[in-house]
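Remarks on the structure that follows.
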Amino acid sequence: AQTVTQSQPEMSVQEAETVTLSCTYDTSESNYYLFWYKQPPSRQMILVIRQEAYKQQNATENRFSVNFQKAAKSFSLKISDSQLGDTAMYFCAFTLYSGAGSYQLTFGKGTKLSVIP
Amino acid sequence: EPEVTQTPSHQVTQMGQEVILRCVPISNHLYFYWYRQILGQKVEFLVSFYNNEISEKSEIFDDQFSVERPDGSNFTLKIRSTKLEDSAMYFCASSRALNQPQHFGDGTRLSIL
């Protein structure tokens, strides 16, 4: 079974600063996807960024980037130039790439990020 | 941008009663999912649905649970006889294809009294 661990229950960052959220996962498979989802107080879970395990290049979406270390099974999220709207719960998630069935997501417990003005 | 919509946002039900949670996935999506999040715990997979049948289900998804796509737009989760431990936030998600990201709704907070 796959597991996802987020070791930081809460973090805070000053507006305009950079913050890194940690995520580790455990799997014996080699083909999978990793995700970061954001859940602001409005509740809707929004996809922030996605990484395919077969890609060595780290994914980037504007101010959001990941540091994907496959051997270490680590997938951290870096938020640059933090904005007040980044205040949210951030979930790391994992799914196997099996080519069939469904791609159920396995989530970590989440990190609550507060951006301080 | 199209969204997954869920109704109601909050449902309060007496223990033992049946409850139906409703979801309208994004219109061109083909894969549908239900997840739940008990307060303070992880988001957990319940079930996935494709081509009018269940693709996978977790051990949480026992005989008390069922899913249905009654028409071309709705996707429902029914809990037949609710228990106190069913109190949770329930999220619906959909994706266009297997290898495409899942888009989530706002969730329905289910409170069992």
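Chains W and A supply the protein sequences, listed in that same order. As numbered in the working numbering, residues 131 to 247 make up the first sequence, in order. As numbered in the working numbering, residues 929 to 1041 make up the second sequence, in order. Heads up, the beta-carbon is just placed ideally off N, CA and C, and yes, glycines get one too.
Could you give the DSSP three-state label for residue i: helix, strand or coil?
i                  : result
Leu214 of chain W  : helix
Leu235 of chain W  : coil
Asp1014 of chain A : helix
Gln138 of chain W  : coil
Ser152 of chain W  : coil
Ser244 of chain W  : strand
Could you tell me if residue i is buried or exposed, where buried requires 16 or more neighbouring beta carbons within 10 angstroms of its beta carbon?
i                  : result
Ser142 of chain W  : exposed
Ala223 of chain W  : buried
His1031 of chain A : buried
Leu164 of chain W  : buried
Asp991 of chain A  : exposed
Lys168 of chain W  : buried
Taking the C-alpha atoms as reference points, what is the distance between residue i and residue j?
i                  : j                 : result
Phe237 of chain W  : Pro998 of chain A : 29 Å
Phe221 of chain W  : Met175 of chain W : 9 Å
Ser1039 of chain A : Gln969 of chain A : 16 Å
Ile982 of chain A  : Val975 of chain A : 7 Å
Gln945 of chain A  : Phe993 of chain A : 13 Å
Val940 of chain A  : Ala202 of chain W : 44 Å
Thr1036 of chain A : Leu235 of chain W : 19 Å
Just by C-beta distance, which residues in the stretch 940 to 954 of chain A are closer than 8 Å to chain W? none
Closer than 8 Å, Cβ to Cβ, to anything on chain A: give me those residues from the stretch 160 to 188 of chain W, in chain order. Tyr163, Phe165, Tyr167, Ser172, Arg173, Gln174, Met175, Ile176, Leu177 and Arg180
Per the contact definition of three or more C-beta pairs closer than 8 Å, is the stretch 152 to 166 of chain W in contact with the stretch 930 to 949 of chain A? Touching, no, given that fewer than three Cβ pairs across the two stretches are closer than 8 Å.
Using a Cβ-Cβ cut-off of less than 8 Å, give me the residues of the stretch 983 to 1015 of chain A that come near chain W, in sequence order. Ser983, Glu984 and Ser986
Where the stretch 1022 to 1041 of chain A meets chain W: residues whose CB sits under 8 Å from a CB there: Ser1023, Leu1026, Asn1027, Pro1029, Gln1030, His1031, Phe1032, Gly1033, Asp1034 and Gly1035
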